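Everything on this sheet refers to the single structure shown next.
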Amino acid sequence: MKTRRQKKIQELIANEIIRTQEDLAKRLLENGFPVTQATISRDIKEMGLIKVPGLGDEYRYAIRGEAHPVSYQERLKRMCKELVISYDHSENIVVVKTIPGNAQALASLFDNAGWQEVIGTVAGDDTIFLLIKPKDKVNTILLRLSEMI
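Following this note's numbering, the numbering of the sequence shown begins with 3 at its first residue and continues without gaps.
What follows is the structure in structure tokens.
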């Protein structure tokens, strides 16, 4: 039953906009899978479902790795305009300074933006290190940042 239910969840998320656990429970019930909120929570955790930006300020469920990179890039652009104070680089590391308390959220967006040159991030309270590979792509990243800010 669990395997069939989780396959149905994948199908629903791929074909519909599911915004809340309540929406998911309702759609599962309509498809012959009565579930509790606790079951939904466990399935979401086991399946690695995430919430991604939808239209406007709404979010929807997606399967990790299948979220559309454009939505992350759009959000990254908006957040960079609001949060980035400055940026600089040394060798293959780009350092981004943010408003205090925002570096980790912004680093997560960099991680998921689909920028192949960024192989990892490290974030503190107000500073993000972007590790760039290959080194000669640092200017590409600096150009992208300048276009977003």
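Virtual Cβ for every residue (Gly too), placed ideally from N, Cα, C.
If you're wondering where the values come from, they're calculated on a predicted model, not measured in any experiment.
- Query: For the beta strand (DSSP E) that contains Phe131, what are its first and last residues?
  - Reply: 129-134
- Query: For Ser92, which beta-bridge partners are listed by DSSP?
  - Reply: Ile95
- Query: Under a Cβ-count criterion, where at least 16 other Cβ atoms within 10 Å of its own Cβ denotes burial, should Ala16 be classed as buried or exposed?
  - Reply: exposed
- Query: If you follow the beta strand (DSSP E) that Thr142 is part of, which residue opens it and which one closes it?
  - Reply: Run containing Thr142: none in the beta strand (DSSP E); it sits in the alpha helix (DSSP H), 140-150.
- Task: Reducing DSSP to helix, strand and coil, say where Thr41 ends up.
- Result: helix
- Thr5 lies in the alpha helix (DSSP H); which residues open and close that run? 4-17
- So what does DSSP say about Ala115, is it helix, strand or coil? coil
- Query: Below 8 Å between beta carbons: does that hold for Arg1 and Ile52?
  - Reply: This structure cannot settle anything about residue 1, because the visible part of the chain is limited to 3 through 151.
- Item | Sub-8 Å separation of Lys135 and Glu119 beta-carbons | yes
- Task: Report, in whole angstroms, the separation of the C-beta atoms of Asn94 and Val140, which I expect to be a contact under 8 Å.
- Result: 6 Å
- Message: Within a Cβ cutoff of 8 Å, which residues of the same chain sit near Thr129, ignoring the five residues on either side of it in sequence?
- Response: Val97, Val98, Lys99, Thr100, Ala105
- Item | Ile65 - partner residues in DSSP beta bridges | Leu51
- Message: So, with DSSP's three-state summary, where would you put Ile121?
- Response: strand
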